[in-house]
Structure formats: structure tokens, C-alpha cells
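In full-length UniProt numbering, the protein residues as written are 1 to 459.
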Amino acid sequence: MSDRLSRTLAEYAASVRWEDLPPETIHEVKRRLLDAVGVALAAFAEESPKAARAYAYEWPVASGATLWGTAFTAPADVAAFANGVMVRYLDFNDTYLSREPLHPSDVIAPLLAVAEWRGLSPADFITAVAIAYEIGVDLCDAASLRAHGWDHVNYIGIATAAAAGRLMGLSPEQIEHAIAIATVPHAAMRQTRAGELSMWKGAAAANAARHGVFAAVLASKGMTGPFQPFLGEMGLVRQLLAGEPLDEAALASLAERRPPRRILDTYVKYWPVEYHAQSAVDAALQLRSELGDPGRIAAIHIDTFKAAYEIIARDPEKWRPRTRETADHSLPYIVAVALTDGRVTRHSFSRERLQDPALRHMLESRVTLREDPELSAGYPEGIPNRITVTTTDGARLVREVRFPRGHARNPMSDDELVAKFRLNVSERLSPAQADVVVETIMHLESQPGLRHLAERWRL
Numbered sequence: 001m002s003d004r005l006s007r008t009l010a011e012y013a014a015s016v017r018w019e020d021l022p023p024e025t026i027h028e029v030k031r032r033l034l035d036a037v038g039v040a041l042a043a044f045a046e047e048s049p050k051a052a053r054a055y056a057y058e059w060p061v062a063s064g065a066t067l068w069g070t071a072f073t074a075p076a077d078v079a080a081f082a083n084g085v086m087v088r089y090l091d092f093n094d095t096y097l098s099r100e101p102l103h104p105s106d107v108i109a110p111l112l113a114v115a116e117w118r119g120l121s122p123a124d125f126i127t128a129v130a131i132a133y134e135i136g137v138d139l140c141d142a143a144s145l146r147a148h149g150w151d152h153v154n155y156i157g158i159a160t161a162a163a164a165g166r167l168m169g170l171s172p173e174q175i176e177h178a179i180a181i182a183t184v185p186h187a188a189m190r191q192t193r194a195g196e197l198s199m200w201k202g203a204a205a206a207n208a209a210r211h212g213v214f215a216a217v218l219a220s221k222g223m224t225g226p227f228q229p230f231l232g233e234m235g236l237v238r239q240l241l242a243g244e245p246l247d248e249a250a251l252a253s254l255a256e257r258r259p260p261r262r263i264l265d266t267y268v269k270y271w272p273v274e275y276h277a278q279s280a281v282d283a284a285l286q287l288r289s290e291l292g293d294p295g296r297i298a299a300i301h302i303d304t305f306k307a308a309y310e311i312i313a314r315d316p317e318k319w320r321p322r323t324r325e326t327a328d329h330s331l332p333y334i335v336a337v338a339l340t341d342g343r344v345t346r347h348s349f350s351r352e353r354l355q356d357p358a359l360r361h362m363l364e365s366r367v368t369l370r371e372d373p374e375l376s377a378g379y380p381e382g383i384p385n386r387i388t389v390t391t392t393d394g395a396r397l398v399r400e401v402r403f404p405r406g407h408a409r410n411p412m413s414d415d416e417l418v419a420k421f422r423l424n425v426s427e428r429l430s431p432a433q434a435d436v437v438v439e440t441i442m443h444l445e446s447q448p449g450l451r452h453l454a455e456r457w458r459l
């Protein structure tokens with residue numbers, strides 16, 4: 001059933017051992033788990049996570065996986081979806097930018113669900129996460145789905161299926177079947193992120209990961225998947241890439257079975273906004289500090305790069321956002337609220353803030369934006385945004401940021417990441433509970449198992 005691409009992914013997933021992991025990879029997996037738990041708990045009471053949990057509550061299974069924040073357990077694929085929606089909802093989990101953008105920590109909730117359900121060790125889980133990052137990030141370097149109208153979450157499904165197969169001890173052939181089952185029947189369209197955005201923006205990756213878990217379980221029971229899922233006559237390359245071949249040189253780390261390190265190339269978000277706007281927030285807040293009174297703002301001009309323009313500025317809905325999903329993907333809204341409020345938090349996208357007449361007037365009458373070819377040339381190495389504020393007395397204040405805090409070229413320290421976690425859980429966990437979660441996760445490999453791990457952050 002093989003094609004060389006599915007075989008490369010499967011053999012890589014099956015080959016990596018705990019002993020192969022570099023210490024810095026192990027440490028970074030633990031950092032990303034802590035970050036994922038923090039952003040998930042911050043989103044616990046939001047409407048989309050509540051809807052996903054309501055679905056999961058229909059499927060009680062005593063020996064399943066825990067819904068984060070609760071004592072309820074459900075089948076692994078159901079828990080993968082519910083927990084994954086929480087991780088993704090605030091658009092505050094990590095990112096990678098290349099030919100295709102990705103939120104690679106979308107693999108963490110589903111893989112923890114599988115590991116908990118199967119009674120596996122922390123070492124098994126950490127290894128699986130490192131594998132999934134390696135596969136997902138390399139696929140982003142190899143080909144753009146977005147350029148052909150398909151969504152990046154297809155890569156999450158593939159990476160999750162391969163790593164879940166590894167967790168379950170499947171053979172390379174079985175992992176290939178899992179990859180095929182996750183890939184061919186479940187192609188996700190880019191319409192999820194076009195125009196006005198719905199709750200599904202934050203659920204699409206969780207759904208792809210759920211398919212990955214489902215595919216691995218099916219393959220473990222003997223189900224075979226479509227042959228040649230990538231290179232076949234109607235496979236991914238022809239259907240999702242319009243026949244444009246993947247750059248197989250980008251998959252060299254997989255083909256050569258190198259120890260997984262690509263997690264170190266990915267970025268932790270400092271602000272709860274779409275990643276292409278992270279540097280715009282940094283620039284806007286620097287300007288706000290210099291500006292002082294936002295009442296001095298006469299005009300705001302944003303120079304940005306092509307990918308940011310296409311994803312978070314071009315659609316007319318981005319200039320009149322009506323949902324939080326649209327607003328945290330709106331470059332003009334994000335810059336305007338940062339300059340006005342002097343901060344950007346999850347509350348910046350509340351219904352009340354979206355409907356504020358003064359903020360809407362600013363977007364309509366004072367904000368302009370253009371794609372700058374010079375800035376476009378600096379992507380994806382950096383994410384360059386330049387903000388210019390003209391004041392009521394005619395002064396021009398300019399800031400440009402290329403590598404925002406959290407970028408691989410400007411990484412957050414452990415202390416900063418822990419501070420982000422504490423802020424995210426401050427409305428859900430006591431300081432003492434937060435201390436326990438930090439200590440447990442940052443020393444995860446020494447824990448006796450994963451069965452009761454989520455009890456540490458039960459609300």
C-alpha cells in the first residue's frame with residue numbers, strides 16, 4: 001500500500017526512541033505541554049469549548065481519557081477533540097511559519113488522551129509529541145496547502161495519526177494505514193479561515209487530530225487505508241496540491257531518521273492573536289508607551305507582508321469583525337485595540353469590546369494598511385510589521401518589529417513561559433494549584449504515569 005512519502009513518515013514514527021531525544025527537545029515538549037494546558041484552562045468557560053464538552057459528555061467511559069478541567073472521562077478520540085478545542089480556542093497556542101503555517105501544539109491534547117487511555121509512561125508521551133512536531137513542521141516546509149485552498153490542519157491529522165500509531169506500538173505498515181485513513185477521507189477546506197470566522201476556526205485542528213486518533217485505533221484493529229495516500233492517482237499531491245510535488249528535501253530529517261529537534265524551530269505566542277500579528281502588537285505597544293494618551297491618535301498606518309495581508313487583513317470582514325474568531329484574526333482590529341487599550345488580552349475580543357462605537361469608528365476612519373514588498377521579502381524568516389501613528393499635532397511615530405517575543409529568534413525564557421501560564425490560569429486555579437501543575441509538568445519524565453496527570457489541573 002506504500003508510497004515513498006507515507007512510508008517515510010511511518011518508518012520515522014516507528015523508529016524514534018526515548019533514548020534518541022536530545023535533552024533540549026525533552027525540555028521543550030514539557031514547556032509546550034505547560035503552555036497548552038494554560039491556554040486551554042483560560043478558554044474553559046468559552047462557548048466553543050463548552051459545546052465540545054457537551055458533545056463529549058454524551059460518551060462516558062470509565063477507562064477513557066480525562067476532559068481537562070473535569071473528572072469526566074471519555075473515549076480517547078472524543079477527549080482529543082474536546083481538549084483540543086480548548087487549546088486552540090483563544091489562538092494563544094504555539095505556531096510555525098513556512099510554506100504552510102501550523103499550530104503544532106494542536107497535537108498535544110490528542111496524544112495525551114491516547115497515552116492516558118493506554119496507561120503509557122511520560123517518556124512515551126514526550127517521544128510521541130516530539131515525533132508529531134517533527135512530521136508536522138517538516139510537512140509545512142515541504143508544501144503549501146493554503147495556496148491551493150486547503151487548510152493547514154490536514155498536516156495536524158497526519159502528524160497525530162503517525163505519533164498515535166507510535167504510542168500504540170503499531171508496526172510501520174500499520175502506521176502507514178493510520179496515516180492513509182487520516183489523510184484521504186478527511187481533507188479540510190480553507191473556507192474555515194475565509195471571510196467571517198465561526199467557532200469552527202478553533203475546532204478544525206481538534207477535529208483533524210480526532211481523525212488521527214480514530215485512524216490509529218482503526219489501523220490497530222486491522223483496518224487498511226487507501227493505497228498511496230500521497231502519490232496515488234487521486235492522492236494528496238494531486239488533489240490538495242494541484243499536482244505540485246512536495247519538496248522532499250524538506251523531509252530529509254525524517255528520511256534520515258535524525259533525532260527530533262524541529263520543535264525548537266517553532267514559536268510560543270506572547271499575545272492571544274493570530275501569529276502574523278504578534279510583531280504588530282509588539283510595535284503597537286511600543287508606540288503606545290511613547291504616545292501616552294491614545295486621544296492623540298489622528299491616523300494609524302500598517303505596513304505588513306503578503307501572508308499577513310492575505311490571512312488577516314484582506315477580507316472586508318477583518319475591518320468590521322463581528323466574532324471573536326474574526327477579531328483575533330484581524331490585523332487592523334488588533335493594532336487599533338493595542339494602541340487604544342495599551343494591552344492585548346483575551347478580553348480584548350469580548351462582545352462588548354467588539355461593539356465599542358469609538359473603536360469601530362477608529363477602524364473605519366483612521367486605519368490604513370498596505371502590503372510592503374520589502375517586508376514580504378523578510379517572511380517567513382521573520383514576521384515584519386511596521387506601524388506608523390500620526391498624532392493630532394502632526395508628529396509621526398514609527399515602530400517596526402521582525403522577531404516578536406516568543407519567536408525562535410527571540411525565544412521566551414522558562415520564567416516568561418511560566419508567567420504566561422500563571423496569568424492564563426489565574427481565574428481557574430489557586431496559586432498553590434498552579435505551582436503543582438508547573439512542578440509536575442516541568443519534571444514530567446519522573447512522574448509515575450499519566451493516568452491521573454489531568455487531576456493536577458482539575459477545576
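Each residue gets a CB set at the ideal place from its N, CA and C atoms; glycine is no exception.
Which of helix, strand or coil DSSP assigns to residue i
| i | result |
| --- | --- |
| Met-199 | helix |
| Ile-387 | strand |
| Arg-370 | strand |
| Leu-102 | strand |
| Thr-192 | helix |
| His-301 | strand |
| Trp-150 | strand |
| Tyr-57 | coil |
| Gln-433 | helix |
| Ser-446 | helix |
| Gln-239 | helix |
| Thr-392 | coil |
| Arg-4 | helix |
| Pro-229 | coil |
| His-452 | coil |
| Val-217 | helix |
| Val-16 | coil |
| Pro-294 | helix |
| Pro-316 | helix |
| Ser-330 | coil |
| Gly-378 | coil |
Boundaries of the alpha helix (DSSP H) in which residue i is found, first to last residue
| i | result |
| --- | --- |
| Val-344 | That residue, Val-344, is in no alpha helix (DSSP H); it is neither H nor E in DSSP. |
| Arg-166 | 153-167 |
| Arg-31 | 23-42 |
| Lys-420 | 414-425 |
| Val-184 | Careful: Val-184 lies outside any alpha helix (DSSP H) and carries neither H nor E. |
| Glu-46 | Looking at the DSSP string, Glu-46 is not in any alpha helix (DSSP H), and its letter there is neither H nor E. |
| Thr-323 | Taken as a continuous stretch (DSSP letters only), Thr-323 belongs to no alpha helix (DSSP H), as it is neither H nor E. |
| Arg-351 | 351-354 |
| Val-129 | 122-142 |
| Ala-307 | 306-312 |
| Pro-404 | It is not in any alpha helix (DSSP H) - Pro-404 carries neither H nor E in the DSSP assignment. |
| Met-362 | 357-365 |
Buried or exposed by the 16-neighbour rule on C-beta atoms within 10 Å, applied to residue i
| i | result |
| --- | --- |
| His-361 | exposed |
| Thr-392 | exposed |
| Asp-293 | exposed |
| Thr-368 | exposed |
| Gly-235 | buried |
| Val-78 | buried |
| Ala-65 | buried |
| Gln-228 | buried |
| Leu-41 | buried |
| Pro-357 | exposed |
| Glu-176 | buried |
| His-211 | buried |
| Arg-17 | exposed |
| Arg-402 | buried |
| Ala-432 | exposed |
| Arg-386 | buried |
| Ser-48 | buried |
| Arg-32 | buried |
| Asp-435 | exposed |
| Arg-399 | buried |
Bridge partner(s) assigned by DSSP for residue i
| i | result |
| --- | --- |
| Thr-224 | Thr-224 pairs with nothing; no bridge assigned. |
Beta strand (DSSP E) segment containing residue i, residue limits
| i | result |
| --- | --- |
| Glu-400 | 396-401 |
Chain D within 8 Å of residue i, Cβ atoms only
| i | result |
| --- | --- |
| Tyr-55 | Considering every chain present, this structure includes no chain D. It has just one protein chain. |
| Completely contained alpha helix (DSSP H) runs for the segment 252-283, where each covers 4 or more residues | 252-255
| query | Which ranges does the alpha helix (DSSP H) cover as unbroken runs of at least 4 residues, wholly within the segment 64-110, from first to last along the chain? | reply | 76-89
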